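To start, the structure under review is shown below, and the notes come after it.
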Amino acid sequence: MRWNGPFTSEELVGKALAPVGEDVVIATKFGFSFDGSSATGLDSRPEHVRLTGTGRPR
Numbered sequence: 002m003r004w005n006g007p008f009t010s011e012e013l014v015g016k017a018l019a020p021v022g023e024d025v026v027i028a029t030k031f032g033f034s035f036d037g038s039s040a041t042g043l044d045s046r047p048e049h050v051r052l053t054g055t056g057r058p059r
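Positions 2 to 59 (the working numbering) are the ones given, in order, by the sequence shown.
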C-alpha cells in the first residue's frame, strides 16, 4: 500500500473502520476534482458532492 497520494487516507480509514463501519459516521471535506491521480480543481456542485460522499471510504 502507498502511504501518500490521492485517496490514501480514505483507504487507510476504510480499512481501520471496516469492523465497525455501520456504527461510525465520518465528516470529511469535499469539492476537489481529480483526473486519475492529480487534482484538477474544485467542484462543489451538488451532484459532485453526492458522488464524493457515496464512494468513500474504500
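Beta carbons: idealized from backbone N, C-alpha and C, even for Gly.
Just so it is clear, the structure is predicted and the values come from calculations on it, not from any experiment.
S34 to K16, Cα distance in whole Å? Taking the sequence shown and counting its residues from 1, one reaches residue 34 at position 33. Taking the sequence shown and counting its residues from 1, one reaches residue 16 at position 15. In a straight line, the C-alpha of S34 is about 23 Å away from that of K16.
Quick check on this structure: which residue in L52, R46, S39, H49 has the alpha carbon closest to the alpha carbon of T9? What you label residue 9 is simply residue 8 of the sequence shown in a count that begins at 1. The shortest Cα separation from T9 among L52, R46, S39, H49 belongs to S39.
Can you list, in chain order, the residues of its chain whose CB lies under 8 Å from that of T41, leaving out five sequence neighbours each side? Locating residue 41 in the sequence shown gives position 40, counting from the first residue. Within its own chain, the residues whose Cβ lies closer than 8 Å to the Cβ of T41, once the five positions on either side in sequence are excluded, are S34, F35, listed in chain order.
Contact set for D44: own chain, Cβ-Cβ below 8 Å, skip 5 residues either direction: Taking the first residue of the sequence shown as 1, we reach residue 44 at position 43. Around D44: G32, F33, S34.
Below 6 Å CB to CB, which residues in the same chain sit around P47 once its five sequence neighbours on both sides are set aside? Position 46 of the sequence shown, counted from the first residue, corresponds to residue 47. None.
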